[in-house]
Structures are given as C-alpha cells and as structure tokens.
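Throughout the sequence shown, residue numbering follows my numbering, covering 0 to 380 in sequence.
Structure first, commentary second.
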Amino acid sequence: MSIAPRERHGAHVQFALERGLPAMIGVLGARRLPYPSRSFDMVHCADCHVSWTAHDGLYMLEIDRLLRPSGYWVMSRPPISWKSPYKGPNKTIENLDGQQLAMEDTANKLCWEKVSDKGTVSVWRKPINHLHCAQEAEFLRSPPLCTEDDPDSAWYVNISMCRTRLPRVELVGDIAGGPVEKWPQRLAAVPPRIANREIKGMSIQAYKHDFSIWKRRVELYGTYLKDLSHRSYRNVMDMNAGFGSFAAAMLKYPVWVMNVVPANITDNTLGIIYERGLIGTYMDWCEAFSTYPRTYDLIHANGVFSLYIDKCGILDILVEMDRILRPGGAAIIRDAADVVLKVKEAADRLQWRSRVVDTEDEGPDPQKLLIVDNSLPLPGS
Numbered sequence: 000m001s002i003a004p005r006e007r008h009g010a011h012v013q014f015a016l017e018r019g020l021p022a023m024i025g026v027l028g029a030r031r032l033p034y035p036s037r038s039f040d041m042v043h044c045a046d047c048h049v050s051w052t053a054h055d056g057l058y059m060l061e062i063d064r065l066l067r068p069s070g071y072w073v074m075s076r077p078p079i080s081w082k083s084p085y086k087g088p089n090k091t092i093e094n095l096d097g098q099q100l101a102m103e104d105t106a107n108k109l110c111w112e113k114v115s116d117k118g119t120v121s122v123w124r125k126p127i128n129h130l131h132c133a134q135e136a137e138f139l140r141s142p143p144l145c146t147e148d149d150p151d152s153a154w155y156v157n158i159s160m161c162r163t164r165l166p167r168v169e170l171v172g173d174i175a176g177g178p179v180e181k182w183p184q185r186l187a188a189v190p191p192r193i194a195n196r197e198i199k200g201m202s203i204q205a206y207k208h209d210f211s212i213w214k215r216r217v218e219l220y221g222t223y224l225k226d227l228s229h230r231s232y233r234n235v236m237d238m239n240a241g242f243g244s245f246a247a248a249m250l251k252y253p254v255w256v257m258n259v260v261p262a263n264i265t266d267n268t269l270g271i272i273y274e275r276g277l278i279g280t281y282m283d284w285c286e287a288f289s290t291y292p293r294t295y296d297l298i299h300a301n302g303v304f305s306l307y308i309d310k311c312g313i314l315d316i317l318v319e320m321d322r323i324l325r326p327g328g329a330a331i332i333r334d335a336a337d338v339v340l341k342v343k344e345a346a347d348r349l350q351w352r353s354r355v356v357d358t359e360d361e362g363p364d365p366q367k368l369l370i371v372d373n374s375l376p377l378p379g380s
C-alpha cells in the first residue's frame, strides 16, 4: 500500500493508481492510519517528510502498531546515515545527527532490532513477541504497554503514547498472534485471528463457507462483465469486504482489490483480510473516500446501501462511486431486491448504463444484482 498526502505539485497517489498500484491519500498525524494492528510485513519510508522524532516518537509508536511481529521498518535518506553523500534543504550536520540518535533511541525503546545499516538505508525488525522485552523495556524507560484500547480500532482514533500490546505467547520463540502462511497459500489458509478465536462469533467453518460462496459468485460476475476476462480492469474496490473472499476469488484475474470494511459495523474483519495477504482500509461511506477522481475500474458493493439506508442517501453514495470510477468503469451492486430497484432509479439519474439481473442462487432469492457497465452506449444512442 502506497500512502502519501494530497500535494499541490505532485499527485503521487494518483500516479500510483494510474499505474495500477494500490495507493491511498493519507498523512501521519494525531490520528491512527485507517488500518488494523499487525497489518504490514514491512513499512518503508523514503523522503516521506515525517518528523519521526517529534512528540516523543509518537509516529514510530504508530508504525509499531501497524507492523506484524518480526516485520521490518526500512528507512532511507537522512536523517538515517546522514554521513553518506546527500544534499537536502535545511539539513545541518548537528540537526541530522541529533535526529538519527533520537530515532535510534526510540527504536531501542520499542525493542526493535537493527538488522542492517548500509549507505542511506537502515532496517529494523520488530520482535516476534514481547516476552524478552519486559526487563529491557523497564531499563530503557520505554513507553508503557497499552492496556484498554483496541489496537485494531483506527477510524478517527488518536494515536496513544503507549506501545501496542501483542497477543500473549507461552514460549520466547512463539510468534505473537500466530504465524501466517507464505503467499499465495496465505490467501486460502485459515487466518490466525480466526484460528485463535480473537474475534467473537467467527468460526473456521463460517470462513471456509464464505470463501466457497464467493468463488461461485465471482464466476457469475464474469458472465455479466465480459471485460473482466479481457484484462480491461486493474484497480478494483470492494465497498463491504467481509472476510475478503471476493478479493480472494478474484485472484485468477489480473487485478488488485481495495477491501473496505465499513467503520460502523460490529464485526471488524480488516485484520483477517490483511492476514490473508490482502490490503484494505476502514471507511464510512457517508464520507468521501481518500482517493483522487477516476481511479478505479470496477467497484463491488455488497449490502452497502442497506447498511447505510438510515444514515445517508442512496444518491450520495452513488455520486461518490461516480467520482471514483474511471470513464467507462463498471460496478456490481448486490443487495435486497427492493433496495436494488431504488439504486437503479438513482443510477439512471446519473446516466449509468445499468440493468437488474438475478443472482447465482436458483429459486426465490431476496437479493438482486445491479450490473453497471459504462463502457456500453446509452440506450437509443
């Protein structure tokens, strides 16, 4: 996932998306980034314009929350290895040396191990658990471990001045939270959060059943959208991703999927999605998504309009989808039949080329699909 702020003179996120790479507009500030804990295997920063040593290392605490156990933090360019040849504005030897020393001190307090320091690149590794860090943390006067906050909660949540607590382990060599499979086996394997029953009410059986259902549904989608097989789509968004099974079933196509978990639902599944080797973010669909216009080729919305029907208007959500979709883009809207008919009326107002069709289930089905394919000509044109 590439993350960059909105800039006047260089829309880096837009450039990445136009190249078919996952990216979001984002900035590291007082609030957590909209991702769960233990999400990323590696975080990389090069010229990212973040004052890592400010506020007693607050931003490095956020990186620690996001990194998986044994994950890597890679820093390139000053203040790291400032003695290497580098020219930059407002950079003095004293300033760079002080910043690097402060970063080294914060990394030690987080129990990170420095595994490489070469040229303008330094690499730290997060520990696999916190067992061996307890005495060391007390000696180094490390920030305390977080106690009551939910480490996966990250929608309008402030960064705390504490270290994110890892799941308990029995042995020093155990990986906190459990190991994940290598890619691509990770995609179909049972995620540790489900295997360890970290999320109430989510069973292994339900997870496997969900994956089998979405394999069948994606097969049907391919018959409705012929361009899916013709490599016409690259950037795909799932507005209500659940376990991420839609994205997993899309593996056979040359696409990547931005898995969105609505912030207002009870079951927080985004950590599961990351453990499957997929990416995603939290979102409230009554607000604008953190991306530029015309950046997604295909949007999938499963139950989104029913979820928000009492919170914001159907047309409001459709207008945001219209902003995100590229010209000629497509959408698949799955919802209750009466809701789909209302969405169809609103879609016609936007001059979307859409049709209501049956789902993959035989016999009576309370759901319908609205297939939007804006690459088709308008009726009568």
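Glycine included, C-beta positions come from ideal geometry on N, C-alpha and C.
Note that the structure is predicted; figures quoted are calculated from it, not measured.
The shortest C-alpha to C-alpha distance from I198 to any of I158, N267 and D321 is the one to N267. Around the beta-carbon of W182, fewer than 16 other beta-carbon atoms lie within 10 Å, marking it exposed. Counting every other CB atom within 10 Å of its CB across the protein chains shown gives M160 a total below 16, marking it as exposed. Under the DSSP assignment, L340 falls in the alpha helix (DSSP H) whose first and last residues are A336 to R348. Residue pairing for I278: DSSP places it in a beta bridge opposite M257. Residues of the same chain with a CB within less than 8 Å of the CB of S231, apart from the 5 flanking positions on each side, are D296 and S374 in chain order.
Secondary structure note for S75: its beta strand (DSSP E) is the uninterrupted segment L66 to S75. Under the DSSP definition of a beta bridge, C44 partners with M74. Where W213 is concerned, the enclosing alpha helix (DSSP H) starts and stops at I203 to Y223. When I308, V171 and G279 are compared, the shortest CA-CA separation from F245 is found for G279.
Residue state for S305 is assigned as helix, using DSSP reduced to three classes. As the crow flies, the alpha-carbon of C145 is around 11 Å from that of I158.
The segment 356 to 372 makes contact with the segment 218 to 230; the number of CB pairs closer than 8 Å reaches 3 or more. The three-state reading of DSSP puts A10 in coil, since its state is none of H, G, I, E or B. Counting along the chain, no alpha helix (DSSP H) covers S121; the unbroken beta strand (DSSP E) around it starts and ends at V120 to R124. Residue pairing of M320 in beta bridges, as defined by DSSP: absent, with no partner found.
Within the same chain, and ignoring the five residues on either side of R76 in sequence, the residues whose Cβ sits closer than 6 Å to its Cβ are A45, D46 and T119. Burial state of N301 is buried, judged by a 10 Å Cβ sphere holding 16 or more other Cβ atoms.
Taken through DSSP and simplified to helix, strand or coil, M23 comes out as strand. Distance from G70 to K125 at the Cβ level is roughly 5 Å; contact confirmed, criterion being Cβ atoms closer than 8 Å. One thing to note: A153 has its Cβ no nearer than 8 Å to the Cβ of P21. Short of 6 Å from the beta carbon of K367, and not among the five residues preceding or following it, lie these beta carbons of its own chain, in chain order: A336, V339 and V355.
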